[in-house]
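S.K.: Under the working numbering, the first residue of the sequence shown carries the number 50, and numbering increases by one thereafter. In this text, a Cβ means the ideal position worked out from N, Cα and C, and glycines have one as well.
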Amino acid sequence: RAPGSHQRQLAHLQQEAASAEMEAAASAHVNPSDAKAAEEAAGHEERKPGDTLHNLACLTGLANCLGGVMASTEAQPCQAEADGETLVHALPKSDKPGTIGNLTDEQAEKLAELERLLTADPPLFVTAHAREGTKRRLVRFLRGDKFAPEVAASRIREHAQWWLDYGMDDFEAADEYDENGVVFVCGADRLGQPTLIARPCVHRSQSHEDSVRAVRRCVFTMQRCVERLPPGREQISLIYDCKGAHARNMDMAFS
50 RAPGSHQRQL AHLQQEAASA EMEAAASAHV NPSDAKAAEE AAGHEERKPG
100 DTLHNLACLT GLANCLGGVM ASTEAQPCQA EADGETLVHA LPKSDKPGTI
150 GNLTDEQAEK LAELERLLTA DPPLFVTAHA REGTKRRLVR FLRGDKFAPE
200 VAASRIREHA QWWLDYGMDD FEAADEYDEN GVVFVCGADR LGQPTLIARP
250 CVHRSQSHED SVRAVRRCVF TMQRCVERLP PGREQISLIY DCKGAHARNM
300 DMAFS
């Protein structure tokens with residue numbers, strides 16, 4: 050799209066929504082017979098009751114959705130800084146407790162202890178480490194393990210080993226599922242968080258190998274969804290569509 054097209058479209062929708070709201074307010078004070086006569090005089094088809102309010106709701110909802118997409122697709126790039134030989138991203142501060150800038154003294158001590166543990170016994174390097182600031186990644190693992198440095202250090206090493214063993218760097222862009230797949234990324238919510246759609250009914254395996262391949266592609270698609278998180282966000286929206294799902298879609302290898 051041309052630069053600024055999202056803003057222009059959003060402004061246009063908001064203007065139409067405001068006009069519809071004014072029309073709805075005015076119609077509430079007009080005599081029904083006068084309104085009908087005005088419609089006929091103008092040569093317009095008579096509107097059904099609630100049409101104006103329905104259009105207002107649709108326009109407002111579409112404008113809100115577009116605003117959410119803009120937050121995701123037009124977010125400002127993160128500031129980059131050198132971390133040894135690794136390029137990391139300095140994301141904006143968060144107000145969430147237990148995050149960078151919001152650590153208690155005890156939590157800061159736990160972070161320092163985790164850093165000492167990983168310096169003494171560093172984990173294997175994987176490309177996932179290059180996509181996130183070091184301290185932010187360590188704090189995220191600490192939060193997940195209730196700020197237990199030993200447990201977090203062990204899990205960081207296990208994650209790095211799993212990344213290599215599973216071959217996460219061997220996937221290609223075409224391995225990500227699109228809208229015809231079992232799972233796929235479908236835009237973003239109003240907070241700019243990616244939305245992941247899961248549809249088990251699409252999975253129709255012909256063999257065990259097919260199911261294993263589908264599972265791997267699901268894992269990669271989930272990873273791509275996480276990588277689309279905008280600055281300062283750590284959650285995604287998941288919609289599980291079970292319509293049409295049967296036992297034949299849930300073979301042991303896949304489910």
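1) Under 7 Å, do Phe-233 and Tyr-226 count as touching if we go by C-beta distance?
2) Taking the CB atoms as reference points, tell me whether His-252 and Val-268 lie closer together than 7 Å.
3) Quick one: grab the DSSP three-state call for Gly-230.
4) Do the stretch 155-173 and the stretch 241-256 touch if we need at least three Cβ pairs shorter than 8 Å?
5) So, is Val-188 buried or exposed, given that buried needs 16 or more other C-beta atoms within 10 angstroms?
6) Residue ranges of each beta strand (DSSP E) run of no fewer than 3 residues wholly in the stretch 245-290, ordered along the chain?
7) Could you compute how far the alpha carbon of Trp-211 sits from the alpha carbon of His-178?
8) Use the C-beta contact count for Pro-243: other C-beta atoms within 10 angstroms, 16 or more gives buried, fewer gives exposed.
9) Report yes if the CB atom of Gly-241 is closer than 7 Å to the CB atom of Pro-279, and no otherwise.
10) Would you kindly work out how many angstroms separate the C-alpha atoms of Met-301 and Asp-194, rounded to a whole number?
M.R.: From the atom records:
1) yes
2) no
3) coil
4) no
5) buried
6) 286-289
7) 13 Å
8) buried
9) yes
10) 30 Å
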